[in-house]
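Take a look at the structure below.
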Amino acid sequence: KQEVTQIPAALSVPEGENLVLNCSFTDSAIYNLQWFRQDPGKGLTSLLLIQSSQREQTSGRLNASLDKSSGRSTLYIAASQPGDSATYLCAVYGQAGTALIFGKGTTLSVSS
Amino acid sequence: SQTIHQWPATLVQPVGSPLSLECTVEGTSNPNLYWYRQAAGRGLQLLFYSVGIGQISSEVPQNLSASRPQDRQFILSSKKLLLSDSGFYLCAWSGQGSNQPQHFGDGTRLSIL
Chain H
1 KQEVTQIPAA
11 LSVPEGENLV
21 LNCSFTDSAI
31 YNLQWFRQDP
41 GKGLTSLLLI
51 QSSQREQTSG
61 RLNASLDKSS
71 GRSTLYIAAS
81 QPGDSATYLC
91 AVYGQAGTAL
101 IFGKGTTLSV
111 SS
Chain F
1001 SQTIHQWPAT
1011 LVQPVGSPLS
1021 LECTVEGTSN
1031 PNLYWYRQAA
1041 GRGLQLLFYS
1051 VGIGQISSEV
1061 PQNLSASRPQ
1071 DRQFILSSKK
1081 LLLSDSGFYL
1091 CAWSGQGSNQ
1101 PQHFGDGTRL
1111 SIL
């Protein structure tokens, strides 16, 4: 059974710092991995999707990497801003599954 | 462009009352549709998914049900709500195929009293 773990559960940084959020999964047989952002009380906003054949994806200040063999993904946020404060969720779509399996998220707080 | 709508945004219901949450998608056809629940302190859990009209698969046994009466409409229902049904319910859609990103609605916050 696929399990997704995100570390740390919470992170507080001052504005301007570069930071890395970690995601690990137990079954490397995945189709893709998706990173989401969730603001308090809101739905999920898709940030990046990495196909199983890809190593990384970039969007603006965000860069996500995927290492299937080790079952890991990282989300790198450059020059963090207070507006980046949110919960970041990692989810994988497994070959044996029917939908995304989510981690519990990392709650990021960026102070000005 | 594609959009997904969920309503209501918040709902307070007494134990034992019925439930109907609706989700509609615009700008695409034959999407895969999903219902997730996010309970306090827990990750998102898939409840139901549908690959077509009238085709519903349940991931976890519970007193909830789902229906897809139209291609872009997905409904989550219950005949009698339990306290444990409280949570944040999210609808999502994706294109057909296993490499398609999922897109989420704004969610419904359900509180059971």
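As given, the protein sequences belong to chains H and F, one line each in that order.
Residue numbers are given in my numbering: position 52 of the first sequence equals residue 52, and the series is strictly consecutive.
So my numbering is basically just the index in the second sequence, starting at one, shifted up by 1000.
Positions of the beta carbon are idealized from the N, C-alpha and C atoms, including for glycine.
Residue from the options whose Cα sits closest to the Cα of residue i
{"i": "GLN1062 (chain F)", "options": "F:GLY1052, F:ARG1068, F:LEU1081 and F:GLN1070", "result": "F:LEU1081"}
{"i": "ALA9 (chain H)", "options": "H:SER111, H:GLY105, H:LEU75 and H:VAL110", "result": "H:GLY105"}
{"i": "PRO1101 (chain F)", "options": "H:GLU17, H:ASP27 and H:ASN32", "result": "H:ASN32"}
{"i": "LEU1064 (chain F)", "options": "F:GLY1027, F:GLN1055 and F:TYR1036", "result": "F:TYR1036"}
{"i": "ASP27 (chain H)", "options": "H:LEU11, H:TRP35 and H:LYS1", "result": "H:LYS1"}
{"i": "THR1010 (chain F)", "options": "F:THR1028, F:GLN1070 and F:SER1086", "result": "F:SER1086"}
{"i": "GLN6 (chain H)", "options": "H:GLY83, H:THR74, H:ALA86 and H:PRO82", "result": "H:THR74"}
{"i": "GLY1041 (chain F)", "options": "F:SER1094, F:PHE1088, F:GLY1097 and F:PRO1008", "result": "F:PHE1088"}
{"i": "SER1029 (chain F)", "options": "F:GLN1038, F:ASP1071 and F:ASN1099", "result": "F:ASP1071"}
{"i": "GLN1038 (chain F)", "options": "F:SER1084, F:GLY1095, F:ASN1099 and F:GLY1097", "result": "F:SER1084"}
{"i": "THR58 (chain H)", "options": "H:TRP35, H:THR45, H:PRO40 and H:SER70", "result": "H:TRP35"}
Within-8 Å CB hit, residue i to chain H
{"i": "ASN1099 (chain F)", "result": "yes"}
{"i": "ASP1106 (chain F)", "result": "yes"}
{"i": "GLY1054 (chain F)", "result": "no"}
{"i": "ARG1068 (chain F)", "result": "no"}
{"i": "GLN1102 (chain F)", "result": "yes"}
{"i": "GLY1087 (chain F)", "result": "no"}
{"i": "ARG1072 (chain F)", "result": "no"}
{"i": "ARG1037 (chain F)", "result": "no"}
{"i": "GLY1043 (chain F)", "result": "yes"}
{"i": "LEU1033 (chain F)", "result": "no"}
{"i": "LEU1090 (chain F)", "result": "yes"}
{"i": "LEU1110 (chain F)", "result": "no"}
{"i": "LEU1064 (chain F)", "result": "no"}
Cβ of residue i within 8 Å of any chain F Cβ
{"i": "PHE117 (chain H)", "result": "Examination of residue 117 (chain H) is not possible in this model, given that chain H is present from 1 through 112 alone."}
{"i": "ALA99 (chain H)", "result": "yes"}
{"i": "SER46 (chain H)", "result": "yes"}
{"i": "TYR88 (chain H)", "result": "no"}
{"i": "LYS42 (chain H)", "result": "yes"}
{"i": "GLY71 (chain H)", "result": "no"}
{"i": "TYR31 (chain H)", "result": "yes"}
{"i": "GLY60 (chain H)", "result": "no"}
{"i": "GLN34 (chain H)", "result": "yes"}
{"i": "LYS1 (chain H)", "result": "no"}
Cβ-Cβ distance between residue i and residue j below 8 Å
{"i": "LEU47 (chain H)", "j": "LEU66 (chain H)", "result": "no"}
{"i": "THR1108 (chain F)", "j": "GLN1006 (chain F)", "result": "yes"}
{"i": "TYR88 (chain H)", "j": "ARG37 (chain H)", "result": "yes"}
{"i": "LEU1021 (chain F)", "j": "LEU1076 (chain F)", "result": "yes"}
{"i": "ILE1004 (chain F)", "j": "CYS1023 (chain F)", "result": "yes"}
{"i": "ALA79 (chain H)", "j": "ASN18 (chain H)", "result": "yes"}
{"i": "ASP1106 (chain F)", "j": "GLY60 (chain H)", "result": "no"}
{"i": "ILE116 (chain H)", "j": "ALA29 (chain H)", "result": "The shown model of chain H, from 1 to 112, leaves out residue 116 (chain H), and the question about it has no answer."}
{"i": "PRO1008 (chain F)", "j": "TRP1093 (chain F)", "result": "no"}
{"i": "PHE1074 (chain F)", "j": "SER1111 (chain F)", "result": "no"}
{"i": "LYS114 (chain H)", "j": "SER52 (chain H)", "result": "Beyond the ends of chain H as shown, which are 1 and 112, falls residue 114 (chain H); an answer cannot be given."}
Supposed close pair residue i, residue j - CB separation, criterion 8 Å
{"i": "VAL110 (chain H)", "j": "GLU15 (chain H)", "result": "6 Å"}
{"i": "ALA101 (chain H)", "j": "VAL4 (chain H)", "result": "Residue identity differs from the one stated: residue 101 (chain H) is Ile in this sequence, not Ala. About 5 Å; that satisfies the 8 Å criterion."}
{"i": "ARG1188 (chain F)", "j": "LEU1113 (chain F)", "result": "No answer is possible for residue 1188 (chain F): it lies beyond the span of chain F, which begins at 1001 and ends at 1113."}
{"i": "ARG72 (chain H)", "j": "SER24 (chain H)", "result": "5 Å"}
| said: When you compare the stretch 1033-1047 of chain F with the stretch 1056-1075 of chain F, are there three or more beta-carbon pairs, one atom per stretch, that lie closer than 8 Å? | reply: yes
| message | Assess contact between the stretch 1078-1092 of chain F and the stretch 1008-1025 of chain F, defined as three or more Cβ pairs (one per stretch) separated by less than 8 Å. Is contact present? | response | yes
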